[in-house]
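A.B. asks: Sequential numbering from 165 applies to the sequence shown in our numbering. Built from N, CA and C at the ideal position, the CB exists for glycine as well. Have a look at this one.
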Amino acid sequence: MTRRRWLVAAVLGALAAVGILILLSTQRGGPEARPIGERAGKPPLLLLTTLPIAFAEGFTLDGETSLVLAALQERYRVVPISVADRASLSRDGLLLMAQPQAQPAEALVELDRWVRDGGRVLLLADPALQWPSALALGDPARPPFAFADTGLLGHWGLRVEAPAELGPVAMNLDGAVLVTRSPGLLTATTADCTTSSGGLIAHCRIGRGRATVVADADFLAPSDPALAKSGAVALVRQLSGLER
165 MTRRRWLVAA VLGALAAVGI LILLSTQRGG PEARPIGERA GKPPLLLLTT LPIAFAEGFT
225 LDGETSLVLA ALQERYRVVP ISVADRASLS RDGLLLMAQP QAQPAEALVE LDRWVRDGGR
285 VLLLADPALQ WPSALALGDP ARPPFAFADT GLLGHWGLRV EAPAELGPVA MNLDGAVLVT
345 RSPGLLTATT ADCTTSSGGL IAHCRIGRGR ATVVADADFL APSDPALAKS GAVALVRQLS
405 GLER
């Protein structure tokens, strides 16, 4: 091979390598790792939810931005994740879990360790969700009717119970008066957790981290825009309390 041909081959090889690296970097982490609506200078907020907050029902990009997402983006750079495992949680120390699907056992172990190492999580754990959905019962994309507690709350020192009756309820979420449907009841089983607002909310110290748990998610439902906006403001207030 002549010197000229050797140089051409070397250049083409280098360009191919660069192209492969670029392709790999765009695929790493999957689409859920990409922030929704870049907000320079704002802290990231990891979001794990089955509710149509970040995406319209059916995981499409159709429709307007939800009131909840708009409120979150005022303060945070929202980063959706699909599972609460170590790889996803390593990105930052603030997580919103809103009526998530049941997490794998290994992910629950990693989530617990992440919190104990200083992570902070706001968990909406509704035991009787009334959020409207066009998806059929049993559809894996439909938000679960009851929070899938596989022992995590008990491990943190909490117990959640479903309401005795279903129906609209006016509730006080740490000073914010909201209207929701069928909120649950939280009971602390250790001194590391304290409940307030009649058992609607609990604040827990877990190792070096903190968890705030709300036994309701319907206060964010979009059926009444005015009420949904009030709920979104209350949600951001709870998250900001975990920043300190």
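(1) Between which two residues does the alpha helix (DSSP H) carrying Gly404 extend?
(2) Leu187 to His367, Cα distance in whole Å?
(3) In chain order, what residues of the same chain lie with their CB nearer than 8 Å to the CB of Val400, ignoring the 5 residues before and after it?
(4) Can you check which of these residues, Gly205, Ala292 and Ser394, is closest to Val324 by C-alpha distance?
(5) Determine the burial state of Thr354: buried for a count of at least 16 other Cβ atoms within 10 Å of its Cβ, exposed for fewer.
(6) Quick one: what does DSSP say Gly282 is sitting in, helix, strand or coil?
(7) From the DSSP output, in three-state form, read off Gly302 for me.
(8) Helix, strand or coil: which one does DSSP assign to Ser360?
(9) Could you check what DSSP says for Leu215 in three-state terms: helix, strand or coil?
(10) How is Leu233 classed by DSSP in three states: helix, strand or coil?
(11) Assuming Ala381 is part of the alpha helix (DSSP H), what are its boundary residues?
(12) Determine the burial state of Val341: buried for a count of at least 16 other Cβ atoms within 10 Å of its Cβ, exposed for fewer.
C.D. replies: According to the structure shown:
(1) Contrary to the premise, residue 404 reads as Ser rather than Gly in this sequence. Taken as a continuous stretch (DSSP letters only), the alpha helix (DSSP H) holding Ser404 covers Pro389 to Glu407.
(2) Its pLDDT being 37, under 50, Leu187 is placed unreliably in this model, and the value from its coordinates should be taken loosely. Those two C-alpha atoms are separated by around 43 Å.
(3) Ala235, Leu236, Glu238 and Arg239
(4) Ala292
(5) exposed
(6) Gly282: coil per DSSP, three-state reduction.
(7) coil
(8) strand
(9) coil
(10) Of the three classes helix, strand and coil, the one that applies to Leu233 here is helix, per DSSP.
(11) Counting along the chain, Ala381 falls outside any alpha helix (DSSP H), and DSSP gives it neither H nor E.
(12) exposed
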